[in-house]
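Structure, as structure tokens:
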Amino acid sequence: MNKVRNWPRITIYFYQGSKVKFVKETARNQRLIASSMAGISRRQAILQTLSINSNDRIMDVGCGAGHLVEQLAKATSGQGQVYALDPSEDQLAEARDRCSDLSNIIFLHGSADNIDLESGVCDIVTSTQAYEYIEDIDAALLESTRILRSGGSFVNVSILWDYFRFYGPDETLNNLVHDAFKEHCYHQMLPMELPGKLRGLGYKYIKNESLAFMVSDRDQNSPARYLETMMANFAVTHGVSKKDVEDWRVQLTEAEVEGRFGFTSYPVLTSAYLS
Ligand SMILES: C[S@@+](CC[C@H](N)C(=O)[O-])C[C@H]1O[C@@H](n2cnc3c(N)ncnc32)[C@H](O)[C@@H]1O
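Numbering (my numbering), first residue to last: 267 to 541.
As structure tokens, then:
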């Protein structure tokens, strides 16, 4: 792991040449994104898609700071069981803190491809923007399917990263930063591949639904504000000069001031039932 000092008093951790790890500053930024309108709207979409019963047993794969876990635990009225799985201790610590008043959550420190649960124990497996960060996605999906009972539901939200884009800076500079950011996860277009993978695992009624959105500012509720920081931090540790990244950020600000800034993202909600 490399330690990169970018700004006074802020230490940013990235793994040079590898995918993003949700620790330290990156985990903090991810939590801000999860608390923004982008996180809120996708949690609403997941909860609307799942018809949760009070005694359901639900797994959240890659639970992060537990924003969804908290809502799932409340939706099961204390009688069901929620499992919150994540390999990042930083994220799990935040999730434990957020959910400290709820007694029906079991936190699991581990990876989606090796879950410490018996087969068929879950009525629902859900995940938000975690599978695209898992190199062996097939092993992870197989493991999620193992813990799901027959007839259980699977709901995933992942991003079509080819359509994740800031608008405003000079095109060449903008492409430079976006191209570097492609390295940050393993699966750029997972929602396109997921239906076929799920069919192969025995799922039925597989549906993809667009949660695409655009924003035109970077205020405190805007995911663009925190994604810009995350992308900039990633780019400087993945071959883009500090000067280019600084120029990119200045140009984003100029574009916003001049009313020609934009940010688009294309999350997709995939739902399916295990037959
Ligand atoms: C973008 S964050 C999303 C967190 C949370 N689901 C949310 O929506 O706020 C991705 C999460 O996936 C987790 N993750 C990465 N690799 C994983 C793996 N192999 N198994 C399970 N989770 C993983 C990360 O630690 C991180 O918390």
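All C-beta atoms in this analysis are idealised placements derived from N, C-alpha and C, irrespective of residue type, glycine included.
Quick caveat: nothing in here was measured; it's all calculated off a predicted structure.
Here DSSP, grouped into helix, strand and coil, assigns S307 to helix.
Looking at the DSSP output, P533 sits in a beta bridge with I425. Within the stretch 397–443, the complete beta strand (DSSP E) segments of 3 residues or longer fall at 414–425 and 431–433, listed in chain order.
Across the structure, K285 and T292 are spaced so that their CA atoms are roughly 12 angstroms apart.
In the structure shown, A446 falls within a helical segment according to DSSP collapsed to helix, strand and coil. Contact between I312 and V423 holds, with the beta-carbon distance rounding to 7 angstroms and staying under 8 angstroms. Listed as beta-bridge partners of R323 by DSSP are Q347. When secondary structure is reduced to three states using DSSP, F500 falls in the helix class.
Per DSSP, the continuous beta strand (DSSP E) segment holding H375 begins and ends at I371 to H375. By the beta-carbon neighbour count (other beta carbons within 10 angstroms, threshold 16), Y397 is buried. Non-local beta-carbon contacts of F529 in its own chain, meaning distances under 6 angstroms to residues more than five positions away in sequence, involve F432, V481 and A490 in chain order. In the displayed model, K290 falls within a helix according to three-state DSSP. Assignment of G528 by DSSP, reduced to helix, strand and coil, places it in the strand class.
Residue range K508 to V523 is occupied by the alpha helix (DSSP H) that includes T519, with no beta strand (DSSP E) assigned at that position. Within 8 angstroms of the C-beta of D326 there is at least one heavy atom belonging to ligand 1. Minimum Cα-Cα distance from H375 among the listed residues E360, R415 and G462 corresponds to E360. Excluding residues up to 5 positions away in sequence, V481 lie with their Cβ nearer than 6 angstroms to the Cβ of S488 in the same chain. For V335, the uninterrupted alpha helix (DSSP H) segment begins and ends at H333 to A341.
K473 carries a strand assignment under DSSP once its states are collapsed to helix, strand and coil.
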